[in-house]
Each structure stands twice: as C-alpha cells, then as structure tokens.
Ligand code: SF4
Ligand code: MG
C-alpha cells in the first residue's frame, strides 16, 4: 500500500474574541494534534458528532482554511507551506464534495458552465473538447448530456449531488474529500449516491476521505475508519476490526446506536451521559472522561495517545495502556 496523503500533528485553533477590542480570550481547538495516513485507492472514513473537527480536518487538507500547525504531505511532497494562492495546481489533484450541493452550485449557471469552468480555469482542453467532457461527466454520474443546458434548481437533491460529484471529477483528481455527501439527502437516495461514489472509485482509481456523523453511513464505503471526538482521533482501524471489536468507549457507544440486520449482532444501546463539552473549554486529560463510564484517575489528567494495538488498530485510551 502506498501512502497518498500523510497528516502529522495537524492543528487548527480558532481564536475566541471578546469585547469592543476583540481581544483573544482563548482558542477553540477544532483540530488538536491529529495524525493519519490515507493510502492510494482506499476510503478512509472520518466519523464523529457535529463540531468534532472532521470538516475542519478536510478543509485544512485542502487549505480552504489555514491550519495552525502540522505537516501535510501529498504524494510525498510537503504541501503545508505552499502559499494558499499557489494551491491551484494542487486542486487538480484534490477535490471536495460538499454536504449541500445546492449551496455549492451557483444557481445562475447552467450545468454546462458549472462543470466546464474548473477545466477552463485550469486551461484544460479546447472549448469543444470541454463540452464533450461535460457530457461524458454527466453520463458517468448517471445523468444525461441534455442536462447540460439546465440550471441547478431544475434538479432533485440526489441529482444535484450527482452534479456536485461530476464537478469534483472534472479535473481528474486523485483524492476526493467527501464531506457528508449524503447527509442532506432522503434516505432512499443515500444508497444510490453511495453506490455511485463506490463505483466511480473503482473505475477511476480514486482515493476518498469520507466524512460522516455516524458509523452507519461509512460502514459500506470505507476501508478504514477514524473516530473523532473533540478535535482528536480517538480510534483508527480497519473497518472489520472496528465494527467487531471497538476499543474506545466512545466508539462502543457510537456503534451501539447503529442498527443491525442480524439480531444476534445486536449490542445493548449505550447512552452517553451529558453533552459534548465546548471545544473552547475542553476537559483536561482524556477529553471524553466526563462522559466515560470506565473513567479512571489518570484519565482526568493525562492525555491518552493514539497507539497501535496490532494490525493497525489504533486507540487513544488509558484502558489499554496498563
Ligand atoms: Fe474513558 Fe479513560 Fe479511556 Fe478516556 S482514557 S475513554 S476516560 S477509560
Ligand atoms: Mg461538518
């Protein structure tokens, strides 16, 4: 397996400002020192409740927001210090699919323009070749060439996400960051879009970072899954061992909420106490400790580090460190 993207010590702290002088009174640690790799051709799922830092992670990789610290390598090249204005060539290789395709598609532009523009900006193809490419892209995502003349509002939610996917594919990227691409869609449409993404991955050799807020959506599409809690990755593993033997108490709770087809696989539902604490004022030690039924003294003071407990199954929890 070849590493396509390598992330080390990634941090994104947003200042919290107050008063008329807008003095910085603290920081929201949206992403707080995370490490992970994405291998070529795989799908890494990134899961966690809203506000846990998963979108911030995706956007930091694409430099749509500027990371506070950390190293990001793409195909072995350190891209963390590339000036954001110089990121354009990298956008050919890395693309984003948004949660809400409607918000990301300019309503005043036809599909022809929406799909053709990224190619034009990057000087790819002649105008007539681009037109042909647009038609091909539409077919690839299960739409038709005649849709090119239409506007975003003329499509259903599922079709709009297909346009969003076609737009992301226009530049022939290697890595596609899918930020909750089906969360805004009807349940009946979700699996169609997931199947399309899976099929495109196989046909085009794409690599995905797939962000979702629960473990049921990422189950079928992911090869490996990372679980985030309050800006940190608390568990990262191959899908199979994550679902069969989740190690982190937070993962166990998330998993207990996933519906299963086979009643013998049914787990007792673990109800987490309390809410996710504010990332502006996270608890010390293990940030999960106020909600953890296995909490020990050490958990209140020492941050558990992500460690490999065999076969690439990594967990950050003091339960496994003794
Ligand atoms: Fe619970 Fe402690 Fe593990 Fe955190 S480190 S999840 S508090 S047992
Ligand atoms: Mg988000």
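Residue numbers (the UniProt record's numbering): 2 to 323. Quick reminder that beta carbons are idealized off the backbone N, C-alpha and C, glycines included. The structure presented is a predicted model; accordingly, all values stated were derived computationally and were not measured.
Of the residues assessed, residue 187 falls on the exposed side of the cut-off, its CB having fewer than 16 other CB atoms within 10 angstroms. Residue range 4 to 19 is occupied by the beta strand (DSSP E) that includes residue 14. At least one heavy atom of the ligand SF4 lies less than 7 Å from the C-beta of residue 287. Inter-residue distance for residue 67 and residue 272 is about 36 Å (C-alpha atoms, whole angstroms).
The beta carbons of residue 280 and residue 311 sit about 31 Å from each other, so the pair does not count as a contact at 8 Å. Contact between residue 230 and residue 49 holds: their C-beta atoms lie close to 6 Å from each other, under 8 Å. When the alpha-carbon of residue 322 is set against those of 305, 314 and 38, the nearest one is in 305. CA-to-CA, the gap between residue 215 and residue 258 works out to about 9 Å. The beta carbon of residue 318 sits closer than 7 Å to at least one heavy atom of the ligand SF4. With a threshold of 7 Å, the Cβ atom of residue 296 counts as near the ligand SF4, since some heavy atom of the ligand is closer than that. If you ignore the 5 residues before and after residue 274, its C-beta comes within less than 6 Å of the C-beta of 292, all in its own chain and listed in chain order. In this structure, residue 190 keeps its C-beta atom at 8 Å or more from the C-beta atom of residue 102. In the structure shown, residue 239 falls within a strand segment according to DSSP collapsed to helix, strand and coil.
When secondary structure is reduced to three states using DSSP, residue 152 falls in the coil class, being assigned neither helix nor strand.
Under the three-state reduction of DSSP, residue 48 is assigned to strand.
Contact annotation: residue 295 and residue 247 have beta-carbon atoms that are not nearer than 8 Å. In the displayed model, residue 120 falls within a helix according to three-state DSSP. Approximately 18 Å separates the beta-carbon atoms of residue 96 and residue 185; this is outside 8 Å, ruling out the contact. Per DSSP, reduced to three states, the secondary structure at residue 160 is helical. Per DSSP, residue 92 is not a residue of any beta strand (DSSP E); the alpha helix (DSSP H) it occupies stretches across 89 to 94. For the options 76, 98, 65 and 94, the alpha carbon positioned closest to that of residue 84 is the one of 65. Of the other Cβ atoms in all chains shown, 16 or more fall within 10 Å of the Cβ of residue 198; this residue is therefore buried.
Partner residues in a beta bridge of residue 206, as assigned by DSSP, do not exist. When rounded, the separation of the alpha-carbon atoms in residue 145 and residue 181 is 25 Å. For residue 30, the three-state secondary structure derived from DSSP is strand.
Pairing residue 240 with residue 224, the inter-Cα distance amounts to about 6 Å.
Assigned with DSSP and collapsed to three states, residue 275 falls in coil, not helix or strand. Shortest gap from the CB of residue 293 to any heavy atom of the ligand SF4: under 7 Å. Between the beta-carbon of residue 56 and that of residue 11 there is about 13 Å, and that puts the pair past the 8 Å contact cut. Assigned with DSSP and collapsed to three states, residue 212 falls in strand.
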